[in-house]
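Heads up, the sequence shown is in our numbering, so the first residue is 4 and it goes up one at a time. Don't be surprised by glycine CBs; every beta carbon is placed ideally from N, CA and C. In what follows, a single structure is set out as structure tokens and then discussed.
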Amino acid sequence: MKPLVVAIDGPAGAGKSTVSRRLAQALAYRYIDTGAMYRVIGVLAAEQRIDVTNDAALAALCDHTKIEFVESDGRVCTLVDGRDMSDIIRTPEAAQLASKTSTVPVVRERLVAMQRSMGASGGVVMEGRDIGTVVFPNAPVKVFLDASPRERAWRRASEMHDKVGDEELERMTREIAERDARDRGRAHSPLRPAEDALLLDTTKMKLDEVVRTLLEHIATRAAALESHS
Ligand code: DC
């Protein structure tokens with residue numbers, strides 16, 4: 004089977020990361036987390052006190068930063084110029100910083116170029132918000148994973164160490180629905196499924212079932228491509 008680009012898009016909490024990592028493992032493909040790249044630039048910009056309105060400094064920062072995803076002990080680490088930033092980019096502060104820097108057009112331009120070169124020879128599972136629509140509009144496999152706001156809030160709550168009550172869950176559900184509306188409505192790279200993406204609502208699906216469904220879909224797409232070549 005020719006190594007393909009598998010594009011996985013969808014809102015936060017739809018299961019993209021876990022599913023993408025499982026797919027990459029099963030296919031022996033590289034896993035590329037584009038959200039982590041926006042987080043890295045957000046954190047570095049804050050460390051270097053670069054303002055989000057400073058296009059030239061942000062562009063230079065992107066141009067001089069080398070981001071790699073390296074597997075170590077069964078875990079994918081985010082290495083930035085050799086520094087392991089895997090943990091620091093997972094804080095709520097890093098998420099806030101990423102959500103701001105990811106709206107800056109020069110940052111998107113630079114990171115999209117980086118993502119294209121990372122996936123140029125295929126054999127990658129790339130997850131994000133705009134992979135099937137902007138980064139690889141010709142990707143042979145495009146998937147849009149979704150789940151209801153309540154289910155996504157529930158999944159996020161289950162990842163937290165403290166127990167979350169009903170009221171808190173309601174609040175998280177509302178927040179997620181509001182963020183969705185913002186992401187889907189924004190002018191630059193709005194979150195939307197590519198026309199030819201497989202839409203998969205994972206609200207009532209188990210992880211294994213999602214992975215199995217997608218591996219079957221990828222095999223079908225690969226076979227169709229082989230028979231056309
Ligand atoms: O998926 P995540 O939470 O790690 O993403 C971090 C931020 O980057 C989030 O605000 C969405 C944004 N993002 C984006 O705009 N485009 C991508 N391809 C990936 C993430």
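Residue E71 holds the alpha-carbon nearest to the alpha-carbon of G85 among T94, E71, I92 and I91. When P6, S20, R158 and L100 are compared, the shortest CA-CA separation from R52 is found for L100.
Exclusion of the five residues before and after P108 leaves H191 as the residues of its chain whose Cβ lies within less than 7 Å of its Cβ. Straight-line measurement puts the Cα of M208 at about 19 Å from the Cα of T176. In this model, G13 and D204 are separated by some 10 Å (Cα to Cα).
Taking C-alpha positions only, I35 is separated from E50 by approximately 24 Å.
Note that the stretch 61-77 does not touch the stretch 141-161; fewer than 3 beta-carbon pairs, one per stretch, sit closer than 8 Å. With respect to the 8 Å criterion, R33 and G126 are classified as neighbours on the basis of their beta carbons.
Non-local C-beta neighbours of V115 in its own chain, meaning closer than 7 Å and more than five positions away in sequence, comprise V137 and V138, ordered along the chain. For V137, no beta strand (DSSP E) segment is defined, and its DSSP state is neither H nor E. Taking non-hydrogen atoms of the ligand DC into account, the C-beta of Y41 is found less than 7 Å away from one of them.
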